[in-house]
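Order-wise, the sequence lines are chains A and B. Residue 107 in our numbering sits at position 107 of the first sequence, and the numbers go up by one each step. Residue 216 in our numbering sits at position 216 of the second sequence, and the numbers go up by one each step.
2 protein chains.
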Amino acid sequence: MAMPEAKDDYHAVRRQAGLAALKDRFHNRFSQAPAVREQHAHTTTWHANQPPDAVVFAQDEDDIVAIVNICAEHGLPIVPFGAGTSLEGQVNAPFGGVSIDMSEMNKVIRVSPEDLDCTVQPGITRKQLNTYLRDTGLFFPIDPGADASLGGMASTRASGTNAVRYGTMKDNVLSLRAVMADGSVMTTARRARKTSAGYDLTRLLIGSEGTLGIITELTLKLHGIPESVAGGVCPFTTIENACNAVIMTIQSGIPIARIELLDVAQVKACNAYSKLDLEEVPMLFVEFNGTEAGVAEQAALFGEIAESFEGGPFKWESEPEKRNALWQARHDAYWAALQLRPGAKGIATDVCVPVSRLAECITETIADVEACGFLAPIVGHVGDGNFHVLPLVDMDSAAEVEAVEGFLSRLAERALRMDGTCTGEHGVGQGKGKYLPKELGDPAVAAMIAIKKALDPENILNPGKIFPSGYAAGEPVIA
Amino acid sequence: MAMPEAKDDYHAVRRQAGLAALKDRFHNRFSQAPAVREQHAHTTTWHANQPPDAVVFAQDEDDIVAIVNICAEHGLPIVPFGAGTSLEGQVNAPFGGVSIDMSEMNKVIRVSPEDLDCTVQPGITRKQLNTYLRDTGLFFPIDPGADASLGGMASTRASGTNAVRYGTMKDNVLSLRAVMADGSVMTTARRARKTSAGYDLTRLLIGSEGTLGIITELTLKLHGIPESVAGGVCPFTTIENACNAVIMTIQSGIPIARIELLDVAQVKACNAYSKLDLEEVPMLFVEFNGTEAGVAEQAALFGEIAESFEGGPFKWESEPEKRNALWQARHDAYWAALQLRPGAKGIATDVCVPVSRLAECITETIADVEACGFLAPIVGHVGDGNFHVLPLVDMDSAAEVEAVEGFLSRLAERALRMDGTCTGEHGVGQGKGKYLPKELGDPAVAAMIAIKKALDPENILNPGKIFPSGYAAGEPVIA
C-alpha cells in the first residue's frame with residue numbers, strides 16, 4: 001500500500017528515533033545485524049523472509065514493557081519470537097519493526113506438584129520444560145513436533161500428537177501474564193482449576209498470534225506421567241481403511257493417547273530419513289497411556305478394530321528406546337518429507353474436519369494431489385480429524401507455484417465444505433486470513449477486528465497476521 | 001444514577017415506542033403482565049427481583065434478530081432468559097428492558113453419533129437433552145445441579161459435579177451461533193474438534209453472561225455413556241481429613257468422575273429433605289466411570305486413600321436406583337439446606353482455590369462461619385477446589401445482612417489470598433463485579449470493558465452484569 005512520501009518520511013524518522021531509543025536501553029542486547037534480523041524472520045516454510053528492523057533479546061518482563069512503550073511511542077511494530085518454529089509466517093515482520101527474542105526468558109518460575117501445575121516464562125521450550133519436570137513424575141503433554149517455545153505454542157493454539165487425549169494449548173493453560181499494547185501488564189486468571197470470573201481472557205490470548213498482547217508468563221496444567229505407556233505401528237491396505245479404523249477407535253471411546261496416520265510416501269520418507277524398516281503401506285502409529293491393565297485393554301480393543309478394517313498385524317513396541325525412535329521419526333516427518341525432493345519447499349497445510357468426514361477428505365485430497373502431479377506426503381493427527389499434506393514445490397517454477405496455490409484453495413474449500421477448518425493447529429499467520437470470512441462469516445471476522453482495534457488501536461502488535469488485508473502500525477487493522 | 005429529567009423523558013418515550021414495536025411484531029408472545037415480568041427476573045437467591053418491562057417468547061433465531069434490532073433502535077436493554085436457575089442475578093433487569101424467554105427454543109437440531117457431537121437450541125435443558133440422547137449411547141456430562149438451559153450454562157461457564165472428569169462448559173462447546181448487538185448473526189467456529197483459525201470467539205462468549213451476544217445455537221461435544229458407573233459415600237472424621245483425601249485422589253491421577261464434599265450440616269439437611277439415613281459426619285460422595293475393570297481399580301485405590309485419612313468404610317452403592325437417589329439428594333442440596341431455616345434466604349457462594357489450599361480454605365471458612373454464628377452448610381465440587389458455603393440469612397434483620405456482607409467479602413479475599421477465584425461456576429452477575437479488580441487487576445478489567453464497548457457500544461446486552469458500576473443502555477459501560 002503506497003503512502004504519500006511526506007508521511008513515509010515522518011514515519012521513517014519516528015521509527016529511527018524508536019530504534020535509537022531501544023539501542024540506548026538495551027546496548028548489546030539490541031542488534032541490527034542482517035544475519036540476526038534474517039534469522040528472526042520466517043524461514044521454516046515457504047513464506048518469504050521478511051526481517052525486522054532490529055532484534056532485542058529480552059531478559060524479563062520489565063524489558064518487554066520497556067520495548068512496548070518505546071515501540072508504541074514511535075509507531076514500531078513488535079513481533080514476539082520464541083523458537084522460530086511456527087509454520088505460517090507468524091514471526092515475519094512484513095512492516096518491519098522489532099522482533100523480541102524470548103529465548104533468554106526460559107525459566108521455570110514455580111512448580112506445584114500437589115496442584116499439577118507450574119508457571120514458566122514464554123521462551124522455555126517444551127523439551128526444556130519436560131526435562132526440568134522429569135523428577136516430579138509430571139509432564140506437559142502438548143507436543144507440536146518441533147521443540148517450540150511455550151509462549152509460541154500458546155500464541156498459535158498449538159496441539160500435536162497428544163491432543164486427542166490431552167487437548168490443545170487452550171485446554172492446558174490456566175492463566176497468562178501479558179504486556180498489552182498500552183504497556184500495562186495483564187493477568188488473565190488466578191490459579192484455580194476453573195473460574196467464571198468474567199470474560200475468558202486466557203482463551204482470548206491463546207491463538208491470538210501475538211496480535212493482542214505479548215505473553216510473559218504461562219501457568220500450565222501438568223499431568224502425571226502414566227504408569228504405563230505402550231504402543232506401536234499398525235499397517236493398513238488402504239488409507240481409507242486406516243481412517244475408518246481411526247473413526248471407529250474414537251467412536252468406541254478408547255482413550256487413545258496418540259493415533260497418527262502416515263501415507264505410503266511419508267512412510268518411505270521416514271524409513272529413509274530415520275533409518276526405519278517399516279512396511280511401505282499406509283500406517284497408523286498409536287500409543288496408549290494408563291495403568292498396565294488399562295493399556296493392555298485399550299491395545300486389545302484397538303487391535304480388534306484394526307483387524308476389522310483389514311489392518312494389522314498391530315506390532316507392539318514394548319522397548320522404550322524403540323518406541324521413542326518411532327515417535328522421533330514421526331516428529332521428524334516434516335524434515336524427512338523435505339528430503340524426498342531436495343531443493344523443493346514443503347508447503348505445510350493443516351486442515352481439520354469432523355472425524356466422520358476424515359476418510360472422505362483425505363481420499364479427495366489424494367485424488368487432487370495425483371491430478372496435480374505433486375509429490376505430497378500425508379501425515380496427521382487423525383484422531384482429531386486433522387491432517388497435514390505437504391506438497392513439495394519448486395518455488396522457482398511459476399507453473400508449480402500457481403498449481404499449488406490452486407491446490408491450497410481447494411484443500412481449504414474442501415475442509416470448509418465438510419464443516420471443518422482451514423487450520424487445525426498452525427494458526428492463520430500470513431497465509432490463511434483469506435479463508436476466514438468464508439470459514440466463519442463476516443460477523444465473526446468483524447468481531448475479531450473490533451477486539452483487535454479495542455486492545456491495540458495503533459496496531460503495533462504483530463501487524464499483518466491473522467487479518468487478511470495488509471496494513472501497518474499506525475494504520476487501521478483493515479486498510 | 002440520577003439523570004436530567006428531559007433526558008429521562010426522551011428515554012422513556014423512546015423505550016415505550018420500542019415496546020410498542022415489539023408488541024406489534026410478537027402479539028400474544030409479548031407480555032407485560034406483572035406476574036410474567038416478575039417470574040422472569042431473579043428469584044432463586046437473595047438478589048432482589050428486578051423485573052423487565054416486558055417478556056418476549058422467542059421461537060427462532062429470526063425472532064431474536066428482530067428483538068435485538070428493535071431494542072437497539074429504541075435503547076432497550078435485553079436480558080436473555082433460559083430456565084431462570086442462575087444464582088447471581090444474571091436474569092434480573094436492573095435497567096428494565098426486555099427479557100427474551102428461550103424456553104420454546106428447545107430443539108435438538110442435529111446429533112452426529114459418529115462425531116460425538118450435537119447442535120441444540122439454547123432453551124433446551126440438560127435433562128431434556130440427555131433424555132433425547134438416551135438411545136444414542138451418548139450423554140452431555142455438565143450438570144450444574146439445577147435443570148438449567150444449555151444457553152444459560154454456556155453464558156455462565158457452568159460446571160457442576162462432573163467437571164473434575166469432563167471439564168466445564170468451556171471444554172464442551174465446539175461452536176456457537178449468537179445474535180450480536182448490531183443484529184448480525186455470528187458463527188464462532190466450524191465443527192472440527194480443534195481449530196487455530198483466529199481469536200477464540202467461542203470461549204469469549206462462554207461466560208460472558210449475555211453481555212456480548214445472545215446465543216441461538218450451541219454445538220456440543222458428547223461423550224459415550226460409560227460401560228460401568230459405580231460409586232457411593234465415604235464418611236470422614238473431620239472436614240480436613242476429607243479434603244486431604246480429595247487432594248491425594250486428584251494428585252494420584254485417579255480419573256474420578258465426581259467427588260463431592262458435604263459437611264455435617266449439609267448431611268443432616270439431605271437426610272431430612274431427601275429421606276436418607278447417612279451417618280451425620282463429613283461425607284464424600286464419589287463416582288467412577290469407565291470399564292468394569294477400570295472402575296473397580298479406581299474404587300479400590302480411592303478406598304485405600306480414604307482409609308489413610310481415617311475415612312471409611314467406603315460404602316459402595318451398586319444399585320442404580322439407590323445411586324441415583326444419592327445424586328438426586330446431592331443435586332437437591334441447595335433446597336435441602338434452605339429447609340434448615342425456613343423463611344431465610346440462602347446466600348449462594350462458589351469460591352474456587354488450587355486444590356492444595358482446599359482444606360485450609362474450608363477450615364478458615366468454617367471458623368469464620370462459627371464466629372459469625374451463621375447456619376451455613378457446605379457442599380462442594382472439591383475435586384476442582386470449588387465449594388459452596390450457604391449462609392442462611394434473615395434478610396429482614398439488618399444486623400444479619402451486614403454480617404453476611406462482611407463474611408462474603410472475607411470469603412472472596414480468602415480465596416484470592418490462596419490464588420483462587422471469587423466464582424468457580426456461578427458467574428459474576430450482579431454481586432461479584434466488585435471483586436474483579438482485586439482478583440484480576442485493572443488491566444484485565446480494562447480489557448473486558450474495552451471488548452464490551454467494542455462489541456456492544458450502546459450497552460444494550462444485559463447491562464448491569466459483570467461490570468461493577470451501574471450503567472444503563474445508551475450509557476458507557478462504566479459510568
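Note that the Cβ used here is the ideal one computed from N, Cα and C, for glycine as well.
Identification of residues in the region 220-253 of chain A having a C-beta nearer than 7 Å to some C-beta of chain B yields Gly224, Ile247, Gln251 and Gly253, given in sequence order. The region 301-334 of chain A is shown to contain whole beta strand (DSSP E) runs of 3 or more residues at 315-317, in chain order.
Ranked by Cα distance from Leu150(B), the first of Leu133(B), Gln121(B) and Asp135(B) is Gln121(B). Shown in chain order are the members of the region 411-429 of chain A whose Cβ falls below 9 Å from a Cβ of chain B: Ala415, Leu416, Met418, Asp419, Gly420, Thr421, Cys422, Thr423, Gly424, Glu425, His426, Gly427 and Val428.
Residue state for Phe374(B) is assigned as coil, using DSSP reduced to three classes. Going by beta carbons, Glu280(A) and Asn271(A) fall inside the 8 Å limit. Gly151(B) has a beta carbon lying at 8 Å or more from every beta carbon in chain A. Counting the other Cβ atoms within 10 Å of the Cβ of Val13(A) gives fewer than 16, which makes it exposed. Pairing Gln298(A) with Cys243(A), the inter-Cα distance amounts to about 18 Å. In this structure Asp396(B) is exposed. Its beta-carbon is surrounded by fewer than 16 other beta-carbon atoms within 10 angstroms. By the Cβ test, the region 212-230 of chain B is in contact with the region 109-120 of chain B, since at least three Cβ pairs between them sit closer than 8 Å. Neighbours of Cys118(B) in chain A, taken as residues whose beta carbon is under 9 Å from its own, are absent, since the nearest beta carbon is some 12 Å off. Under DSSP, Asp350(A) shares a beta bridge with Thr423(A). For Glu61(B), none of the residues of chain A pass the 9 Å Cβ criterion, the least Cβ distance being about 13 Å. Gly385(B) places its beta carbon less than 8 Å from that of Arg193(A).
Burial state of Gln90(A) is buried, judged by a 10 Å Cβ sphere holding 16 or more other Cβ atoms. The bridge partners DSSP lists for Gly380(A) are Leu261(A) and Phe387(A). Here the C-alpha atom of Leu358(B) lies approximately 8 Å from the C-alpha atom of Ile247(B).
Per DSSP, the beta-bridge partners of Asn289(A) are Val229(A). Ranked by how close their Cα comes to the Cα of Gly311(A), the residues Glu364(A), Phe236(A) and Pro457(A) have Phe236(A) in first place. Thr131(A) is classed as exposed because its beta carbon has fewer than 16 other beta carbons within 10 Å across all chains shown. In the pairwise beta carbon analysis, the region 197-209 of chain A is classified as touching the region 440-452 of chain B: at least three pairs are separated by under 8 Å. Sequence-distant partners of Val164(B) (beyond 5 residues in either direction) whose C-beta falls short of 8 Å from its own C-beta, in its chain, are Ile250, Ile256, Ala257, Arg258, Ile259, His381, Gly383 and Asp384.
In the structure shown, the three-state DSSP call for Glu114(B) is helix. Under the three-state reduction of DSSP, Arg177(B) is assigned to strand.
For Tyr199(A), the residues of chain B that pass the 7 Å Cβ criterion are Leu204, Gly207, Ser208, Met448 and Ile451, in the order they occur in the chain.
From the listed residues Cys71(A), His47(A), Pro94(A) and Ser99(A), the smallest Cα separation to Ser31(A) is found for Ser99(A). Within chain B, not a single residue places a beta-carbon under 7 Å from that of Val91(A); the smallest gap is close to 15 Å. Apart from sequence neighbours up to five positions away, the residues of its chain that approach Val229(A) with a beta-carbon distance below 6 Å are Asn289, ordered along the chain. An exposed status is given to Asn28(B), since fewer than 16 other beta-carbon atoms sit within 10 Å of its beta-carbon. When Cβ-Cβ separations below 8 Å define contact, Asp115(B) makes contact with chain A. The beta-carbon of Ser356(A) is placed less than 8 Å from the nearest beta-carbon of chain B. In the three-state reduction of the DSSP assignment, Ile254(B) falls in the coil class, being assigned neither a helical nor a strand state. Close to chain B, meaning a Cβ-Cβ distance shorter than 9 Å, are the following residues of the region 335-365 of chain A: Asp350, Val351, Cys352, Val353, Pro354, Val355, Ser356 and Arg357. By alpha-carbon distance to Asn49(A), the top candidate from Thr195(A), Pro34(A), Gln59(A) and Asp63(A) is Pro34(A). It is roughly 24 Å from the alpha-carbon of Met186(B) to the alpha-carbon of Asn459(A).
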